[in-house]
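Residue numbers (this note's numbering): 1245 to 1653.
Think of the CB as a built atom: it goes at the ideal place given N, C-alpha and C, for glycine as much as any other residue.
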């Protein structure tokens, strides 16, 4: 990894260090989307990818690889996948296995989606499950698998979503699939046209190992091949929790009142059963970080969901303008980006209070990542499980690359 003291700022904490993890001048590299489970629990190894972008990769790109980054060995990078079509990685809770999918599907035509795993030392690569036919209750074969998967806190199930169209029907459904690691069984637990951008995230809590945080986009439209003709944000999006057998749908109190809207990123706060989202607000204009707990499903009422308590963690920041964020495994530390292509970008750090009515008090400016935000070169920061290092994307060099920041203690 290449030290980048030039990216540090006098406004940041003394002793801050920034490193560039990828350096190929002609191949873009990116961290996997910040909600993904791509770190080993000891905080020493993570997965990133080359010939990719912050929202995924082209499944047909022969140059795409997932890379294992060894922080204990100077950030050394080694390919952990070689197969074309590799997508949606998740490291299991023990840190021993990388699970990922091989996408050999085509809309309406079908094909095969394979769940594969490999030990992080590159040995014992093996297929866990495969879909090659139309699933029960689906109108057509699965295609367009989501670029993110998620693994349960007990390591027994992997979930991913995808398109279920038959090739002749507009606004065909999308669905969420749960794979049993030990048996290879696959269950379609929900489906419909509004589940097009699910962002599935298993709870990290051992006591809630069957719970999935999911996003619903009411009003989304797509053509018969699953290409979006309208991807609804704003008032169309709301966030739920569901059990991984498709039961016990619950609601979170964010957005959908005509003023506040869900921006489209949310996550669990560490191993707790608290969830956090970034909400945009039209009047007064702001982008806030709001936490809450899910309650029994009564509708799609967003902020007006009855029986809920919301907590604005960002209310003590002078200019809340937050978009993407993540917490450490314990749920005590948070990193977030701020600003956009129309304003100065920034990385901020804060401590999440245990009191679910309190706000973050110790906001700490880290640096300006220098990303142009052009062509979706989003910063997408996240933390190592121990909370001692942060990771982000930037194209400040002219090519999208992966970075690490640490030393704020």
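Coil, strand or helix - residue 1249 by DSSP: helix
query: When the Cα of residue 1597 is compared with those of 1591, 1574, 1589, 1418, which residue comes out closest?
result: 1574
- prompt: residue 1613 and residue 1604 look like a contact to me (Cβ under 8 Å); what is the Cβ gap, rounded to whole Å?
  reply: Not a contact, Cβ separation roughly 20 Å.
field: Identity of the residue in 1373, 1469, 1403, 1401 nearest residue 1414 by Cα
entry: 1469
- prompt: How many angstroms separate the CA atom of residue 1309 from the CA atom of residue 1267?
  reply: 15 Å
field: Sheet register partners of residue 1300 (DSSP bridge)
entry: 1297
- prompt: Since residue 1253 contacts residue 1646 with CB under 8 Å, what's their CB separation in whole angstroms?
  reply: So it is not a contact: roughly 20 Å between Cβ atoms.
Limits of the beta strand (DSSP E) - the one that residue 1590 falls within: 1590 to 1595
- request: Put residue 1547 into one of helix, strand or coil per three-state DSSP.
  value: helix
Cβ-Cβ separation, residue 1389 to residue 1654 (assumed contact under 8 Å), whole Å: Because residue 1654 is not part of the residues shown, which for the chain are 1245 to 1653, the question remains open.
message: If I measure Cβ to Cβ from residue 1497 and keep anything under 6 Å in the same chain, skipping five residues before and after, which residues do I get?
response: 1536, 1547, 1549, 1552, 1554
task: May I ask you to report which of helix, strand or coil DSSP gives residue 1508?
output: strand
query: For residue 1474, which of 1483, 1649, 1495, 1463 has the nearest alpha-carbon?
result: 1463
message: With distance defined between alpha-carbon atoms, name the residue in 1628, 1519, 1460 nearest to residue 1436.
response: 1460
- prompt: Relative to the alpha-carbon of residue 1327, which residue among 1457, 1345, 1287 has its alpha-carbon at the smallest distance?
  reply: 1345
task: Indicate the three-state DSSP secondary structure (helix, strand or coil) for residue 1347 in the structure shown.
output: strand
field: Per-residue DSSP class, three states only, for residue 1496
entry: coil
Candidates 1280, 1325, 1368, of which the one nearest residue 1569 by Cα: 1280
query: Leaving out the 5 sequence neighbours to the left and right, which residues in its chain are closer than 7 Å to residue 1502 when beta-carbon positions are compared?
result: 1479
task: Using the Cα positions of residue 1567 and residue 1589, report the straight-line distance between them to the nearest angstrom.
output: 11 Å
message: Spatial neighbours of residue 1301 within its chain, please: C-beta separation below 8 Å, excluding the five flanking residues on both sides.
response: 1293, 1295, 1308, 1331, 1391
query: Between which two residues does the beta strand (DSSP E) carrying residue 1232 extend?
result: It is not possible to answer for residue 1232, since the shown part of the chain is limited to 1245 through 1653.
query: Can you find a CB in chain C that lies within less than 8 Å of the CB of residue 1540?
result: The structure shown has no chain C; it contains just one protein chain.
query: Apart from the five residues on each side of it in sequence, which residues of its chain come closer than 7 Å, Cβ to Cβ, to residue 1255?
result: 1609
query: Taking the beta strand (DSSP E) that residue 1320 falls in, what are its first and last residues?
result: 1320 to 1323
task: Please determine, among 1522, 1579, 1379, the residue with the shortest C-alpha to C-alpha distance to residue 1606.
output: 1579
Anticipated Cβ contact below 8 Å, residue 1423 with residue 1373, distance rounded: 5 Å
- request: Take the Cβ of residue 1384 as the centre, count every other Cβ of all protein chains shown within 10 Å, and call the residue buried at 16 or more, exposed below.
  value: buried
For residue 1519 and residue 1633, the rounded distance between their alpha carbons: 22 Å
field: Minimum C-alpha distance to residue 1368 - residue among 1539, 1340, 1257, 1542
entry: 1340
field: Pairwise C-alpha distance: residue 1277 and residue 1641
entry: 21 Å
field: Closest Cα partner of residue 1540 within the set 1337, 1493, 1523, 1560
entry: 1493
- prompt: Skipping 5 residues on each side, what residues in its chain have a beta carbon closer than 7 Å to that of residue 1620?
  reply: 1297, 1298, 1299
message: Could you compute how far the alpha carbon of residue 1432 sits from the alpha carbon of residue 1420?
response: 6 Å
- prompt: According to the Cβ coordinates, are residue 1542 and residue 1495 closer than 8 Å?
  reply: yes
- prompt: Should residue 1454 be labelled buried (16 or more other beta-carbon atoms within 10 Å of its own) or exposed?
  reply: buried
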